[in-house]
Structure formats: C-alpha cells, structure tokens
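First comes the structure, then the notes that go with it.
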Amino acid sequence: MLESSLQKGPFWQQDLPEDEHLADQVKHGQEEHLLLDPRPPAETNVLVLNSMQQTGRAFWLAVFGLGGFVLIFMATWGIQIFSGLGITGLNRSVMWGPYIANLIYFIGIGHAGTFISAALRLMQMDFRRPIARASEIVTLFGLMIAAMFPVIHVGQIWKLFYMIPIPNQRELWPNFHSALF
31 MLESSLQKGP FWQQDLPEDE HLADQVKHGQ EEHLLLDPRP PAETNVLVLN
81 SMQQTGRAFW LAVFGLGGFV LIFMATWGIQ IFSGLGITGL NRSVMWGPYI
131 ANLIYFIGIG HAGTFISAAL RLMQMDFRRP IARASEIVTL FGLMIAAMFP
181 VIHVGQIWKL FYMIPIPNQR ELWPNFHSAL F
C-alpha cells in the first residue's frame with residue numbers, strides 16, 4: 031500500500047479516485063494545499079519519529095528534574111497526611127487555603143482552553159487546528175488536575191469516603207460529613 035502511494039507521487043499531484051465521495055475529499059485537500067511537502071510520506075515519518083527514538087542528555091535531565099518534583103510533592107503530601115491540614119493554613123479564619131485556590135485556578139485554565147478552542151472553531155480560522163487541539167488538551171489536563179484537589183483537600187486519606195453520598199429512603203443522598211454538602 032505504501033509502495034503504491036509512493037510511486038504515484040505527492041498527494042496533490044495524484045489523479046482523483048473513482049469513488050465520488052473520496053474524489054471530493056481528495057479534490058478539497060488538493061485545493062486547500064494541505065500537504066505541500068514534496069518528500070514522500072515514508073521519509074517524513076522517519077524525520078518526525080527519529081526524534082522520539084533517540085534520547086539525549088536534555089531528555090534525561092528533564093525526566094530526573096520532573097521526577098524530583100514528583101518526589102517533593104509526595105514528601106510534602108506525606109507530611110500533610112501525618113501532621114494534618116493545619117500546616118496548609120486552613121486553621122486560620124482568614125486563610126483561604128492553597129488547595130481551594132489551586133482548584134479555582136485550574137478550573138479557570140479549563141475554561142480558558144475551552145474558550146480559545148470555541149472561538150477558533152466559530153470563526154473558522156484556517157490556522158486553528160493545532161492551536162485548538164492544544165487548547166483542548168490544556169482543558170482536559172486542567173480539569174483532571176482540578177478534580178484531584180478536592181481529594182487532596184480532604185487532608186486524611188482515610189476520610190475520603192466522606193465525599194461519597196449516602197443513599198436514604200427519600201433518595202436525597204446527603205452526606206453531612208462531606209465538605210461538598
């Protein structure tokens with residue numbers, strides 16, 4: 031399959047297929063000049079994937095640096111679990127708490143990514159596809175990180191079940207111990 035497509039030449043110089051629906055797609059792609067690289071696709075794949083197969087010093091420095099941040103996070107979270115939520119400042123009446131602030135921040139990041147993606151799609155910008163994808167990924171990861179903060183904010187892992195609603199006869203499902211109530 032790959033050999034036959036390489037022999038035909040670049041995508042935008044190939045003849046239209048016999049299938050009418052597929053021919054419309056190929057014609058649209060040729061008119062939009064989506065693929066302007068004269069190299070064959072196999073060579074382009076080698077160029078793009080080569081950087082992922084070879085790791086250098088910068089890659090390992092980044093891995094160990096980020097691994098260090100993960101270890102610092104785990105150590106500080108362990109200290110919080112052992113000492114309680116008082117070390118985060120939540121025992122003061124005027125302190126809002128770093129976890130609630132981070133929750134709101136990452137929810138805002140999710141909203142911003144959604145707004146950027148929606149604005150680019152509504153305005154039908156030609157250059158929007160990579161930017162919209164990146165903003166959607168930022169939205170996804172921002173909301174996943176935001177969902178992690180209520181779990182951390184509970185403070186003690188063994189009280190995590192307080193966030194789960196309890197069913198009753200009236201189907202209200204309240205949990206009076208929950209911080210979300």
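Here the sequence shown is numbered in my numbering, starting from 31 and rising by one per residue. Positions of the beta carbon are idealized from the N, C-alpha and C atoms, including for glycine.
Are at least three pairs of beta-carbons, each pair with one atom in the segment 179 to 189 and one in the segment 107 to 120, less than 8 Å apart? yes
Does the segment 130 to 138 come into contact with the segment 103 to 111, if we say contact requires no fewer than three beta-carbon pairs (one atom in each stretch) closer than 8 Å? no
Closer than 6 Å by C-beta to residue 47: which residues in its own chain qualify, once you throw out the five before and the five after it? Chain order, please. Here the question's residue 47 lines up with position 17 in the sequence shown. Taken in chain order, the residues that qualify are 53.
Would you give the residue range spanned by the alpha helix (DSSP H) that residue 174 belongs to? Sequence index remark: in the sequence shown, residue 174 carries index 144 (1-based). Where residue 174 is concerned, the enclosing alpha helix (DSSP H) stretches over 158 to 183.
Comparing C-alpha positions only, which one of 164, 166, 130, 167 sits nearest to residue 176? To locate residue 176, count along the sequence shown from 1; it is residue 146. Checking every option, the nearest Cα to that of residue 176 belongs to 130.
Residue 169, buried or exposed, once every other Cβ within 10 Å from all chains shown has been counted against 16: Stepping through the sequence shown from its first residue, residue 169 is reached at position 139. Under this definition residue 169 is a buried residue.
Between the beta-carbon of residue 161 and the beta-carbon of residue 150, is there less than 8 Å? Taking the sequence shown and counting its residues from 1, the one referred to as residue 161 is at position 131. Taking the sequence shown and counting its residues from 1, the one referred to as residue 150 is at position 120. Yes, they are a contact pair.
Considering residue 73, what are the terminal residues of the alpha helix (DSSP H) in which it resides? As a working mapping, residue 73 is identified with position 43 in the sequence shown. Here the alpha helix (DSSP H) through residue 73 covers 71 to 83.
Please state whether DSSP places residue 49 in a helix, a strand or coil. Taking the sequence shown and counting its residues from 1, the one referred to as residue 49 is at position 19. In this structure, residue 49 counts as coil in the three-state DSSP scheme.
Close Cβ partners of residue 173 (< 8 Å) along its chain, the five nearest in sequence each way excluded: Within the sequence shown, residue 173 is the residue found at index 143, counting from 1. Closer than 8 Å at the Cβ level, and outside the excluded window around residue 173, lie 136, 137, 140.
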